[in-house]
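Trainee: One point on numbering: in the numbering used here, the residue at position 294 of the first sequence is 480, and numbering is uninterrupted. Just dropping this structure here.
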Amino acid sequence: MANEINNFQEIISHCKEYGYIFQSSELYDGLSAVYDYGQMGAQLKKNLRDEWWKSMTQMHDNIVGIDAAIFMHPTVWKASGHVDNFSDPMIDNKDSNKRYRVDHLIEAHVATLEKEAGEAMIAEMDKLLAADDLTGLKTLIETNKIKCNISKTCNWTDVRQFNLMFSTQIGSVAEEADTIYLRPETAQGIFVNFLNVQKTGRMKIPFGIAQTGKAFRNEIVARQFIFRMREFEQMEMQFFVRPGTQMEWYNYWKDARKKWHESIGIPAEKLRFHDHVKLAHYADAALDIEFEFPFGWKELEGIHSRTDFDLSQHAKYSKKKIQYFDNDLNAEGKAYGNYTPFVVETSVGLDRLFLTVISLAYQEEKWTKEDGTEDSRVVLKIPAKIAPTKLAILPLLKKDGLPEIATELLNECKPHFHCFYEEKDAIGKRYRRMDAIGTPFCVTIDHQTKEDNTVTIRYRDTMTQERIPLSEVKNIVAKGCL
RNA sequence: GCGGAAGUAGCUCAUUUGGUAGAGCGAUAGCCUUCCAAGCUAUAGGUGGCCGGUUCGAGCCCGGUCUUCCGCUCCA
């Protein structure tokens, strides 16, 4: 385990050293739990996003993609339950340093009381919670001598409100402005556009709406590199189904999503399902697809059966009918008619997927050369199809007309995939540099190329090389990246 | 948020009771080189995380702060 943590440190260092990930605002000492993607990282992230987008929209006739704004009407977050559930008064015990949600603390105490006294206290608490009376809540805790379970003392801090949503104002004059939130999840942008997409796209149930985009959560503690950030990117697909068929689709997406992760090179044994025991207020079934990160098994993607909760809530708050008319016939030969569709959600953290790919790819290799000396390299074995740079074109020498041939090849290839050109330094050093950034293919132009139009292609993962026709380079690399 | 540890060049580290910072690797430019970090030459990079205090003098001592890591805590 200690080894794995060290390895995680090395992955983080490597990400910085080779332009994958930088800490945000590093010039100013950084901003906690916020990271920037560098020149390599941005490309890898884009490739992952593109793969997902393609698998969802292009590969499914009944899934379309949208791009909703980060800002949304404030009522959206009341309807979704985020205003109520994403904001909890918390209190810390100064002796044990244990933090409690105020309502949980009081409810636990109430469980020890007589029924009548308990109900009175709950009523009092609800009143204070509704009024956002934090001082009153503290008084309630202190006058009833509610103790911490660990320290058995009543030495409490003030009650503080932790709102997990970031807020800002629309409009330039603060007093006149409405408080709006930066979305804590992208899903709501899909739900509020359900009717727009269904009608304009003439979508028939079952169908899905996919979206990628930033979401924001003001985590109390955000750590573990890019695993938990305050600003992060989600890739979500909400699949709308006929009520009663949700479990069927839930199981379908559960398998489909796991297979997708395997298709981008994540080994099956590094993935597992974790069923939620305690379900969120909107769900009738939920599970995580977990990956074995360097710091343990953690959620990579969530599959949730969200029932009709979201659409119903938005219908209620907007006072608009959000329904679907289903002309298909049921067992009795009648149309299913009007109903509020049920939703099965798949939601991947793109940053977590990035971390998954990088932690699998990072490898340190050591071996003994033929002359008996030790050699080593650090290599990112990123699957070719998502690697940021696909091909490095390397003239063996920067003279004798070799750069000219190489440049010609570069011009032929670069409309088709991302290439890197380098004529500096010894060939071995250039190979090592390409290993470090994860370029799967290197092609070297040498003097023999001038005689018979062949080049050496060198494979990153095996370090083996072979002679291929110059004219075949583009096709071979393109095929290798499928 | 609490407790512990750390922060010196892009990276890994030196500077061992306080006397205005060095190396290796890397980078850049050139020379030389026919396939896995070769060699030679030159160059660039640090107001020692930041702010303040003690001192004739602080990378080193003290306080604060920011960031990171570890353990708790939190994660609808």
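No residue lacks a Cβ here, since even glycine has one placed at the ideal position from N, Cα and C.
In this structure, does DSSP put N330 in helix, strand or coil?
Mentor: N330 falls in the coil class under three-state DSSP.
Trainee: Got a sec, what are the start and stop residues for the beta strand (DSSP E) F413 sits in?
Mentor: Unbroken run through F413: none, as it is neither H nor E.
Trainee: Under 8 Å between the Cβ atoms of E419 and D494?
Mentor: Against a cut-off of 8 Å, the Cβ pair of D494 and E419 comes out as no contact.
Trainee: Which stretch, first to last residue, makes up the alpha helix (DSSP H) that contains R538?
Mentor: First-last of the alpha helix (DSSP H) with R538: 536-547.
Trainee: S562: which of E556, E551, I568 sits nearest, CA to CA?
Mentor: Looking at the Cα atoms, E551 is the closest of the given residues.
Trainee: May I have the straight-line CA-CA distance separating I412 from K520, to the nearest angstrom?
Mentor: If you take the alpha carbons of I412 and K520, they lie about 52 Å apart.
Trainee: What do you get for L539, buried or exposed, if any count of 16 or more other CB atoms within 10 angstroms of its CB means buried?
Mentor: When all chains shown are included, L539 counts as buried.
Trainee: DSSP three-state label for M187, please.
Mentor: Note that M187 scores a pLDDT of 33, beneath 50, so its modelled location is shaky and nothing firm can be said.
Trainee: Going by CA-CA distance only, name the one from I391, M242, Y607 that's closest to L583.
Mentor: It is Y607.
Trainee: I need the DSSP call for Y204, collapsed to helix, strand or coil.
Mentor: If DSSP states are grouped into helix, strand and coil, Y204 belongs with coil.
Trainee: In terms of alpha-carbon separation, which member of P527, H467, I450, M421 lies closest to Q384?
Mentor: Ranking the options by Cα distance to Q384, first place goes to P527.
Trainee: Would DSSP call M423 helix, strand or coil?
Mentor: Strand.
Trainee: According to the neighbour-count rule (16 or more other Cβ atoms, all chains shown, within 10 Å of its Cβ), is M187 buried or exposed?
Mentor: Any reading at M187 is ruled out, since the residue's pLDDT is 33, under 50, leaving its predicted position unreliable.
Trainee: Report the rounded CA-to-CA distance for A294 versus V345, giving the unit in angstroms.
Mentor: Each residue's alpha carbon lies about 17 Å from the other.
Trainee: Distance check for I252 and P395, CA to CA, integer angstroms please.
Mentor: At residue 395 the sequence reads Ile, which differs from the Pro that was named. The straight-line gap from Cα to Cα measures roughly 7 Å.
Trainee: Let me check one thing: in DSSP terms, what residues is K552 bridge-paired to?
Mentor: Note: K552 sits in a beta bridge opposite S562.
Trainee: Residues in the same chain with beta-carbon distance under 7 Å from T694, minus the five sequence neighbours each way, listed in chain order, please.
Mentor: Summary: the structure shown does not reach residue 694, with the chain confined to residues 187 through 668, and so no result is reported for it.
Trainee: Closest to H259 by C-alpha separation, out of T398, T559, T365, F511, would be which residue?
Mentor: Selected option, being the one with the closest Cα: T365.
Trainee: Report, in whole angstroms, the separation of the C-beta atoms of F426 and F393, which I expect to be a contact under 8 Å.
Mentor: The pair is a contact, with the Cβ atoms about 6 Å apart (cut-off 8 Å).
Trainee: Measure the alpha-carbon distance for I308 versus N330 and round it to whole angstroms.
Mentor: Spanning the two alpha carbons is a distance of roughly 12 Å.
Trainee: Shortest alpha-carbon distance to E609 belongs to which of P626, T630, E598, V530?
Mentor: Closest option to E609, Cα to Cα, is T630.
Trainee: Would you kindly check if the distance between the Cβ of D474 and the Cβ of G451 is under 8 Å?
Mentor: Contact: no.
Trainee: Whose CA, out of V220, E212, K264, T243, lies closest to the CA of Q180?
Mentor: For the chain, the structure presents residues 187 to 668; residue 180 sits outside this window and is missing.
Trainee: Determine whether the beta carbon atoms of L320 and N404 lie at a separation below 8 Å.
Mentor: Result no, Cβ atoms of L320 and N404 do not sit closer than 8 Å.
Trainee: With 16 as the cutoff for other CB atoms within 10 Å, does V534 come out buried or exposed?
Mentor: V534 comes out buried.
Trainee: Report the rounded CA-to-CA distance for G624 versus R492, giving the unit in angstroms.
Mentor: C-alpha separation (whole angstroms): 39 Å.
Trainee: R369 and A219: beta carbons closer than 8 Å?
Mentor: Their beta carbons are not under 8 Å apart, which means R369 does not touch A219 by this criterion.
Trainee: Please classify L457: does DSSP put it in a helix, a strand, or coil?
Mentor: The answer is strand: DSSP assigns L457 an E or B state.
Trainee: Beta carbon of Y522: closer than 7 Å to some heavy atom of the ligand GTP?
Mentor: Among the components of this structure there are no ligands whatsoever, and the ligand GTP is therefore not found.
Trainee: Return the CA-CA distance between K708 and E455, expressed in angstroms with no decimal places.
Mentor: No answer is possible for residue 708: it lies beyond the span of the chain, which begins at 187 and ends at 668.
Trainee: Below 8 Å between beta carbons: does that hold for T532 and R443?
Mentor: Yes, the Cβ-Cβ distance between T532 and R443 is below 8 Å.
Trainee: Taking the alpha-carbon positions, what's the T648 to G558 distance?
Mentor: Computed Cα separation, rounded: 20 Å.
Trainee: Do three or more CB pairs link the stretch 595-605 to the stretch 571-586 at distances below 8 Å?
Mentor: Touching, yes.
Trainee: So what does DSSP say about Q294, is it helix, strand or coil?
Mentor: Per the sequence presented here, residue 294 reads as Ala, with Gln not at that position. The answer is helix: DSSP assigns A294 an H, G or I state.
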